[in-house]
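The structure appears below as structure tokens.
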Amino acid sequence: MRNGWLYAVMLLFFILEGTVAQVFAPDAWGASWIVVPRFTLAGIVLIGLYAGRRKGLIFGLFFGLLYDVLYAQVIGVEVFTMGVMGYLAGLTSRYFHQNFILAVVDVIVLTALHEWITYEIYDLFNLASMSLLNLFMREILPTVVCSALFTLIVFRPFSYILNRTLLKKEIV
7 MRNGWLYAVM LLFFILEGTV AQVFAPDAWG ASWIVVPRFT LAGIVLIGLY AGRRKGLIFG
67 LFFGLLYDVL YAQVIGVEVF TMGVMGYLAG LTSRYFHQNF ILAVVDVIVL TALHEWITYE
127 IYDLFNLASM SLLNLFMREI LPTVVCSALF TLIVFRPFSY ILNRTLLKKE IV
């Protein structure tokens, strides 16, 4: 039960990503660009940074499967990409000091990589019909900006929860 708060916050991110954020989606208001809120992915990246690559991988696989079952056309794409992003975030924490700037840069880079890999997998199965330039301008760039802003907002409270969870693990 050490990770109870962590799972609860991640579940809250998942619910916000799927419900509340859709109200503010630009395409619902007639804009030509698409924002896919990746709050859960930002949380997975932060978990990978603070808790290590294994925990980042586990959270990525779990929430990727949940995402695939509820939202995706093909089961396995989000499991793979979110798991890899959590693992990569854990790898960056091994080589760089964990701080605010690293967290934001990591979320930006890994969100863009996640969107691109997801697009390429869907394109492989002829489920995507956008050019790469169109994908970058209409989807990846707005999604990355949204994820970076979300990370700026939740970094302090989420890192506090992560630190408390990790400190309890070391004490027990």
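Note that our numbering gives residue 126 to position 120 of the sequence shown, counting from 1, and the numbers run on in steps of one. Ideal placement from N, C-alpha and C gives every residue a C-beta, glycine not left out. Bear in mind that the values here come from a model prediction, so they are computed numbers and not experimental data.
Asked	Found
In whole angstroms, give me the CA-to-CA distance for G92 and F156.	17 Å
Check the C-beta distance from Y73 over to T98 and give it rounded, since I have them as a contact under 8 Å.	The Cβ separation is near 22 Å, so there is no contact.
Measuring only the C-alpha atoms, how far is A57 from I64?	11 Å
With 16 other CB atoms within 10 Å as the buried threshold, where does G66 fall?	buried
Would the beta-carbon of V41 fall within 7 Å of that of C152?	yes
Beta-carbon separation of V51 and V111 under 7 Å?	no
Assign L18 to one of two classes, buried (16 or more other C-beta atoms within 10 Å of its C-beta) or exposed (fewer than that).	exposed
Here's the rule: buried if 16 or more other CB atoms are within 10 angstroms of the residue's CB, otherwise exposed. What is H120?	buried
When the Cα atoms are used, what is the spatial distance from A109 to L55?	7 Å
Taking 7 Å as the threshold (C-beta atoms), are P148 and W39 in contact?	yes
Go ahead and pull the three-state DSSP assignment for S38.	coil
Helix, strand or coil, according to DSSP, for V80 in the structure here?	coil
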